[in-house]
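Working notes for the structure below.
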Amino acid sequence: MHYLIYSFCTILLCANFSVLQAQREVKEQWPNGQLKAKGQLNADNKKVGRWEYYYENGNKEAEGSYNGRGISKTIEVCKKSKRSALEEDYSAREGQWTFFYGSGDKKASVSYQGGCPSGRMQRWHKNGKKAEEVEYVDCRPIGARTLWDKEGRKYFETQLLGEGKTMDVEWYANGQMKSQIPYRNGDQYGRVKRWYANGQKEEDVMMKETRVHGSYRSWYPNGAPQRQFFSINNVMSGEYKEWSESGQLVREIVEMQDEKAILVKSYWDNGQLKYQGKSNMPASLSIHRWSQSRHGSWIYWDKQGNVMKTEYYDNGRLRTTEMP
């Protein structure tokens, strides 16, 4: 029995010695002689164990470990400098990694599992204020996320609502809400709201799988309505209206279902009709594509209400023009 234990221990020690023999120390230098990187490579020429990287000025750029296995591409969690010691090495990072600015201040920290960022990643501005916190899931930053500006003000947040639903919330520097955008399984889904910095509503739109699906309304900074329409799967239908910032109706487009046509009216800033005509419903069934399928007579007026010309179309092609 003692002989078997001795033999097993001998084999284990020999195996560990072989692994250590296969690993070799590596040091790289910048052209100015400063240390650039140091660590170990295994027999497959992959990085293994702890590595440290340095800027040309001698300050540390990053530190962390590798597991000795290869990957197709390194997933970085923060932007590298133009003269970075962290070159693509196709080696899998493992465990805690910390990154630094050229000044020596902490830049970011995250844990890797098999080359994938996993769990909470933290990032800082150069002045030491926290810049970002985000949860990495399946190699992607798709968990809860918060962003701060250089003054420490929170300006963005991803809220987890459960069942694949999230809400992206954004703020202006003055603390005023900027936007609320709901998502379901990565696609915009639900009511999207946006505001101007003065607190006035900017946009209110229903989305489904990142397409406008339902009502759309927008406003000017003074609170006056700007646009209003209805859409089904990004296809505008029903009625479209557009106003100037002073409140004057500029354009209206109406779907005439019985005629399978579109009525278009445009107005001068004094309220007088500018032009009016009809279009056949285009193949896309979207009423905002009316200009491609104009049909019949189109009348144009000046600001005083006098007829300037009348154009006659046949399925989008201009046939004749009559002058008064």
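Count the sequence shown with mature numbering (1 follows the signal peptide of the UniProt record, and there is no 0) and you get residues -22 to -1, 1 to 302, in order. C-beta: ideal position from N, C-alpha, C; glycine also.
The DSSP assignment places complete beta strand (DSSP E) segments of no fewer than 3 residues inside the region 176 to 218 at 179 to 186, 189 to 197, 203 to 210, in order along the chain. Short of 7 angstroms from the beta carbon of K58, and not among the five residues preceding or following it, lie these beta carbons of its own chain, in chain order: L64. Looking at S269, W279, G283, K281, the one whose alpha-carbon comes closest to that of D292 is S269. Cβ-Cβ distances below 8 angstroms link K25 to G17, Q18, L19, Y44, G46, D67, S69 in the same chain, with the five nearest sequence neighbours on each side left out; the list follows chain order. In terms of Cβ geometry, Q158 and V170 form a close pair [threshold 9 angstroms]. Per DSSP, reduced to three states, the secondary structure at R123 is strand. By the neighbour-count criterion, in which a residue is buried when 16 or more other Cβ atoms sit within 10 angstroms of its Cβ, G42 is buried. Under the three-state reduction of DSSP output, W268 falls in the helix class. A check of alpha carbon separations from N211 across S264, P199, K238, W221 identifies S264 as the nearest. Rounded to the nearest angstrom, the Cβ distance from E34 to R61 is 6 angstroms, consistent with a contact under 8 angstroms. Exclusion of the five residues before and after A175 leaves Y150, N152, Q154, K156 as the residues of its chain whose Cβ lies within less than 8 angstroms of its Cβ. Two segments are said to touch when three or more pairs of C-beta atoms, one from each, lie closer than 8 angstroms; by this definition the region 242 to 249 does not touch the region 190 to 201. Counting other Cβ atoms within 10 Å of its Cβ, V88 reaches 16 or more and is therefore classed as buried. Short of 8 angstroms from the beta carbon of K38, and not among the five residues preceding or following it, lie these beta carbons of its own chain, in chain order: E30, Y31, Y32, F78, G82.
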